[in-house]
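Working notes, beginning with the structure itself.
Written out as C-alpha cells, the structure is:
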C-alpha cells in the first residue's frame, strides 16, 4: 500500500512541472488577487483601531494568510473523478487492486507539495514585501502552521473526493462543485474573516467544517490566544470525517454504478 | 453576417421529402440553437437543480460580503456604502449580460479547438463566431442581471443621491459597452488557444479579476490600477461605467471614453478571433 502511494505522490509532484505555463499564470493571478484583496481590506480597515474586536493590523494579516492558505488547499480532484466517470476510465480504476481514494490522495498531495514550493511560498514572500504581515514570534508556530495547512488540504480533499464520487448518481457535478466552492468561500474565512459574522451566525459558522480550511491555519499563524493542540485535533477530526464520507460514498457507488460506453 | 441559407426550391424539395424542416432566416437558426441549448441543460436533471441552488448561493456571496463589511466599517477609502453597492450592482449587471452572451468562450479551447468541434461550425453558412456563442447562450444567467438591478435599487434606497433622468436614459448604452469590453477582451484571450493548443487558464485569471473590477479603483495601489485600466481593461467593465452615474465629476473622463473602449475591445477581440481561426487545423481525427 505504501509503495504505490509513494509512486502516485511522485507522479502528482511531477505533473505540476509538466504544465509550467499554467503554474506561472496561476502564480501571477494569485499574486494579483492577493494584492487587490489586501488593498481592499487596507482601505476598509482604514484608520480604525479595531474591526469587530480584532486589531486592524491583525485583521489585515489574517486576510493575507487566509488567501495564502487557499492556494495550498485548492484541489481539482472532484473534477478529475467526475471526468473519469463520464469517460468511463473509472472501469479501469475498479480493476486495480488499489484504493482509489488513497491513490488519488497521494497524487494530490504530491501536487500540493509542488504547489507549496512554486506558488504558496513565493506568494507568501511577495505578500510579506507588500503588506505589513505579523510574523510569528515562536519558531514552533511555523511547524504548526505547515501541519495545519496539510490538514486543511486533507479535509478539502475528503470533501472534494466525495463530490467527485457523487458523479455516479448525478452524472454531472458542475452544480455540486460550484456549490462547494461557494460554501468554502463564504464559511472558510478566505473571503470574509469569520469574526465579522454577527453573533447569531457564529454557532453555525463554527459548526461547519469549512472554518478549519482557512480560518484555523490563519489563526494559528497569528498566534492568537487559541488552544493549538485542540484546533489541530479539530482539523484532524474533520479531515477524518470527510475522508470517511468519501469512502462511504465510494463503496455505495461502486455497487450501484453503470459504466457507459467502453 | 451573410444569411446564405438554402434557397426556397432547395428547402421545398427537402421538406417535401420529409428530410428536415429548415429554418427560414438567421433568426430562425438562432431560435433553434436556443431550444437545443435548453434541452442540453435539462439532460442532467439533478445536476440542473443543484446548479440552480448553487447559483442562488453564489449570487448571494457578493451582497453578503458587502453587507458584512459595511456593518463594521462606514467608508471604503472615501467612498460611502451606497456608492460602493451601486458600483457592485452595475458591474453585476454587466457580468450577467456577458455570461448570457459569451458563455461559449469558456468551451472554446477544450471543446472547439482541442476537441475539433469547430469543424462542424465551419461547415455551416453562419459566422462560426456567432455559432460558438449561440451554441452556448445561457438564459440561466438572466438572474445575475436581475440581481445587479436589485442591488442598484437597494443602493438608491440606502441613500445614494438621485440619478438624473438623462443619465438613466444612457444606462443601457453603458451596460452594453461594459459587456462589450468583457466579451471582446475574453474573445481575444480565448483566441490565444488557436496558437497555443494548450488548456488555457488565462480565462480563469480574468474571472478572478472580475470580482475586483467593481470596487472604486483608487483603493488599489498604482500598478494594480494601471493593470486594470490598460493591460486587462476590466475596470471599463465595472467601475468606470458605474461611476458615471454617481455624483463624482472627477471621474468623468473615463466615463466619456467608455463607449469607445467598448467598441474598440469588441473589434480587437473579433480581429484576434479571425486571426486565430486562420491557424485552425482541426483535431485530426
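Protein chains in written order, with the numbering used here: chain A, 64 to 325; chain B, -15 to 269. Every residue gets a Cβ at the ideal spot worked out from N, C-alpha and C, and that includes glycine.
Quick check: residue i and residue j, are their CB atoms within less than 8 Å of each other?
i, j, result
"residue 71 of chain A", "residue 173 of chain A", "yes"
"residue 77 of chain B", "residue 129 of chain B", "yes"
"residue 246 of chain A", "residue 273 of chain A", "yes"
"residue 105 of chain B", "residue 175 of chain B", "no"
"residue 216 of chain A", "residue 136 of chain A", "yes"
"residue 217 of chain B", "residue 165 of chain B", "yes"
"residue 280 of chain A", "residue 161 of chain A", "no"
"residue 132 of chain B", "residue 222 of chain B", "no"
Looking only at its chain, what residues have a beta carbon closer than 7 Å to the beta carbon of residue i, apart from the 5 residues adjacent to it on each side?
i, result
"residue 18 of chain B", "121"
"residue 61 of chain B", "200, 202 and 203"
"residue 213 of chain B", "219"
"residue 325 of chain A", "Reliability of the predicted coordinates at residue 325 of chain A is poor, the pLDDT of 49 falling under 50, and the value obtained from them is presented with this limitation in mind. Cβ within range, chain order: 151 and 154."
Report the rounded CA-to-CA distance for residue i versus residue j, giving the unit in angstroms.
i, j, result
"residue 252 of chain A", "residue 45 of chain B", "13 Å"
"residue 221 of chain A", "residue 309 of chain A", "6 Å"
"residue 313 of chain A", "residue 219 of chain A", "16 Å"
"residue 180 of chain A", "residue 190 of chain A", "15 Å"
"residue 101 of chain B", "residue 95 of chain B", "6 Å"
"residue 260 of chain A", "residue 302 of chain A", "24 Å"
"residue 122 of chain A", "residue 191 of chain B", "26 Å"
"residue 16 of chain B", "residue 90 of chain B", "21 Å"
"residue 243 of chain B", "residue 235 of chain A", "40 Å"
"residue 226 of chain A", "residue 152 of chain A", "17 Å"
"residue 149 of chain A", "residue 154 of chain B", "47 Å"
"residue 265 of chain B", "residue 175 of chain A", "36 Å"
"residue 254 of chain A", "residue 126 of chain A", "8 Å"
"residue 144 of chain B", "residue 268 of chain A", "32 Å"
"residue 51 of chain B", "residue 262 of chain A", "15 Å"
"residue 58 of chain B", "residue 113 of chain A", "13 Å"
"residue 64 of chain A", "residue 178 of chain A", "25 Å"
"residue 66 of chain B", "residue 197 of chain B", "17 Å"
"residue 151 of chain B", "residue 134 of chain B", "18 Å"
"residue 14 of chain B", "residue 81 of chain B", "17 Å"
"residue 69 of chain B", "residue 126 of chain B", "20 Å"
"residue 132 of chain A", "residue 299 of chain A", "16 Å"
Near residue i, what residues of its chain come up, given a Cβ to Cβ distance below 6 Å and the 5 sequence neighbours on each side ignored?
i, result
"residue 318 of chain A", "none"
"residue 156 of chain A", "163"
"residue 316 of chain A", "228 and 231"
"residue 63 of chain B", "200"
"residue 60 of chain A", "No statement about residue 60 of chain A is possible, as the shown extent of chain A runs from 64 to 325 and does not include it."
"residue 140 of chain B", "none"
Leaving out five residues before and five after residue i in sequence, what residues of the same chain have Cβ atoms less than 8 Å from its Cβ?
i, result
"residue 170 of chain A", "71, 72, 74, 75 and 78"
"residue 42 of chain B", "none"
"residue 90 of chain A", "181, 182, 185 and 186"
"residue 289 of chain A", "282 and 283"
"residue 313 of chain B", "Since the first and last residues shown for chain B are -15 and 269, residue 313 of chain B lies out of range."
"residue 227 of chain B", "71, 200, 235, 238 and 239"
"residue 207 of chain B", "none"
"residue 22 of chain B", "123"
"residue 111 of chain A", "119"
Are there any heavy atoms of the ligand MG lying less than 7 Å away from the beta-carbon of residue i, as far as the coordinates show?
i, result
"residue 175 of chain A", "Among the components modelled here there is no ligand, and therefore nothing to report on the ligand MG."
Does the pairing of the region 89 to 103 of chain A with the region 186 to 199 of chain A give three or more beta-carbon distances under 8 Å?
Inter-segment contact for the region 89 to 103 of chain A and the region 186 to 199 of chain A is present: three or more beta-carbon pairs are separated by less than 8 Å.
Do the region 42 to 58 of chain B and the region 82 to 101 of chain A meet, that is, are 3 or more Cβ pairs less than 8 Å apart?
Fewer than three Cβ pairs drawn from the region 42 to 58 of chain B and the region 82 to 101 of chain A lie within less than 8 Å of each other, which leaves the two stretches out of contact.
As an exercise, report each continuous alpha helix (DSSP H) stretch of at least 4 residues that is fully enclosed by the region 215 to 274 of chain A, in chain order.
230 to 233, 237 to 250 and 265 to 270
What are the uninterrupted segments assigned as alpha helix (DSSP H) that are 4 or more residues long and contained completely in the region 85 to 116 of chain B, given in chain order?
88 to 91 and 102 to 107
Extract the residue ranges of the alpha helix (DSSP H) inside the region 179 to 204 of chain A, only unbroken runs of 4 or more that lie entirely within it.
184 to 193
Ordered list of beta strand (DSSP E) runs contained in the region 133 to 177 of chain A, each at least 3 residues:
You should have found no qualifying run.
Could you tell me which whole alpha helix (DSSP H) segments of length 4 or greater appear in the region 12 to 80 of chain B?
Taking only runs of at least 4 residues, the alpha helix (DSSP H) segments lying wholly in the region 12 to 80 of chain B are 29 to 54.
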